[in-house]
Amino acid sequence: MEVYQREQMSPLDPAQRAIMEAGVRIGEVARGLRPGGLLIEYEYWRHEEAVEATKTALADPRIPALYEAAFAHDDIRVRVDILDRVDEAAFDLIEIKSATRVKDAHLPDVGVQLYVLQGCGVPVRRACVAYVNNEYVYPGGEYDLEQLFVVDDVHERLERYDLDVAASLAGMREALRSEAPLEIKPGKQCTQPYVCPFYDYCREGQPEYHVSQLPRAGHDLLITLEALGVEDIRDIPASLAGLTPLQLRARECVVGETTYIDPQVLLKLNGLEYPIHFLDFETFGLGLPVYPGTRPYEVIPFQWSNHILDRDGTLRHEEFLYTGFDDPREPFARSLLRSVGTEGSILTYSNFESIRIRELADKLPHLSESLMGLLEVRIVDLLVLVRDHCYHPDFRGSFSLKRVLPAMVSGFTYDDLDVSVGGQASAAYAEIISPDTTPERREFLVEGLREYCKRDTLAMVSLYHALLDGVRESGEC
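Residue 361 in my numbering sits at position 361 of the sequence shown, with consecutive numbering throughout.
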């Protein structure tokens, strides 16, 4: 599909692009594990030139390592992140990953590179994966690369994985030479280990309410439904064994084209204490930590939004976004405590904010008592309320706010925002605190973050009212 129907690929969203760019930066820093090397600096479409430059560099014993070394064998092209010259007779192959451990999905990558290098006559002593050590505490200044990265020899794992590269390549070539794509039904492989870029395309023509949209539909249930020839939720027998109460509820809503709102929702919402705070955090966590005392990928909150609903119906908004270049957590926590005060229920959507508050209490012991006080009785998770007591056919098995909101609140959208998803917000903040960002770009990103976080809490306010109105209109309360 990538060769013949590339135009059918889903576009790369900004959050995914940011993750890829962060991975490139980690790869550049990791080259320092084997310093003094030569970068084979040719674009991928100039592979033949890169191969010739690599051959020249390999022949020069004064070059201790090569970065992005290029090879071709058996019609396969590879670029090796680091090729480290151990001695005159051997090299170490090092594949750099931004992950925090070696995953099975990394092994074919290394295995194919090893196959090509061996085919080119390059003596490889070790085949390794270098990954990020998330236990490393950054002291400030230059990174200690020997502590920041772990270099793991995966030769034995490759053998246990039983990777037959030659056989795999034969299958790939057969697919590429066929006149049409292979007939492969969508399944678990479409999302693991990564979401396929043709995920949406391959699902065109499926029923509107495919059985994969059942909430928490596990592999065994989907296999059972496939064996029964059932693809549409509306065709699932109500008597089918193994369906959970939630899945039965989803089936009933889809079959009846109805929205389910348990009257218990009204009791729970009426039990909230005013002023009601609708709270949302934005965070980021970089593989290359920027604040002393933090670890790779440690989650750092930098922004909150709080819509406050008073008993008389008045709605006001307060917010915080740290725009300094040092650790934002203490000013974040202090401003949050001032905003939420000591009265009123605090509504969040998921337990994300509760986890972050607990982490702040651990990092800021002088504020711990006040922060933990928020968790004891005040926080109410709106996600749990929706998941336990509501369903709409357009949830399509998901209870994420981005899926629930348009189903329950007509016309509410994020489409007009420059920043519209959490991963994009994290990437925007990383750019804001970069010294390379221009003042104009920084101002644009700051405004985008303010609007996005504010929209998230306004979304919760709208959902809160939609739930109340839904129960009242049903007449069941």
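Even glycine gets a Cβ: it sits at the ideal position worked out from N, Cα and C.
Across the structure, Phe198 and Arg6 are spaced so that their CA atoms are roughly 9 Å apart.
His219 sits exposed, since fewer than 16 C-beta atoms from the chains shown fall within 10 Å of its C-beta. When secondary structure is reduced to three states using DSSP, Thr259 falls in the coil class, being assigned neither helix nor strand.
Pairing Phe302 with Glu273 gives a Cβ-Cβ distance that is not under 8 Å.
Per the DSSP secondary-structure output, Gln303 pairs in a beta bridge with Glu282 and Leu321. Leu371 and Ile355 do not touch by the CB rule: their CB atoms are close to 12 Å apart, not below 8 Å. Note: Leu315 is bridge-paired with Leu309 in the DSSP secondary-structure output. Looking at the DSSP output, Asp232 sits in a beta bridge with His210. When the beta-carbon positions are compared, Gly36 and Pro64 come within less than 8 Å of each other.
DSSP places His73 in the uninterrupted beta strand (DSSP E) bounded by Ala65 to His73.
For Leu375 against Arg329, the beta-carbon gap comes to about 17 Å, at or over 8 Å, which does not count as contact. At least 8 Å separates the beta-carbon of Gln113 from that of Glu142. Judged by beta-carbon spacing, Leu39 lies beyond the 8 Å limit of Glu21, meaning their Cβ atoms are not closer than that value. Contact between the stretch 373-392 and the stretch 315-325 is absent: fewer than 3 CB-CB pairs across the two stretches fall below 8 Å. Here DSSP, grouped into helix, strand and coil, assigns Val254 to helix.
Taking the Cα of Val461 as reference, the smallest distance to any Cα among Tyr349, Asp362 and Ser434 is reached at Tyr349. Closest by C-alpha distance to Cys196, out of Lys402, Leu12 and Leu417, is Leu12.
Note that the stretch 209-219 touches the stretch 388-407; at least 3 beta-carbon pairs, one per stretch, sit closer than 8 Å. Under the three-pair Cβ rule at 8 Å, the stretch 128-137 counts as touching the stretch 86-101. In the pairwise beta carbon analysis, the stretch 115-123 is classified as touching the stretch 72-83: at least three pairs are separated by under 8 Å. Three or more pairs of CB atoms, one per stretch, sit closer than 8 Å, so the stretch 413-424 contacts the stretch 439-455.
According to DSSP, residue pairing for Cys390 in a beta bridge involves Ile261. Between the stretch 222-241 and the stretch 42-50 there are fewer than three C-beta pairs closer than 8 Å, too few to call the two in contact. Taking each of Pro331, Arg387 and Ser400 in turn and checking the Cα distance to Leu367, the smallest one comes out for Pro331. Only residues of its own chain outside the window of five on either side were considered, and among them Leu182 have a CB closer than 6 Å to the CB of Ala175, listed in chain order. Apart from the 5 residues on each side of it in sequence, Ile76 sits with its Cβ closer than 6 Å to the Cβ of Val116 in its chain, given in chain order.
It is roughly 52 Å from the alpha-carbon of Asp87 to the alpha-carbon of Glu353.
If the five residues before and after Val254 are omitted, its C-beta is found closer than 7 Å to the C-beta atoms of Tyr209, Ile233, Arg234 and Pro393, all from its own chain and listed in chain order. CA-to-CA, the gap between Thr56 and Gly27 works out to about 23 Å. Boundaries cannot be given for Thr191, as no alpha helix (DSSP H) includes it and DSSP labels it neither H nor E.
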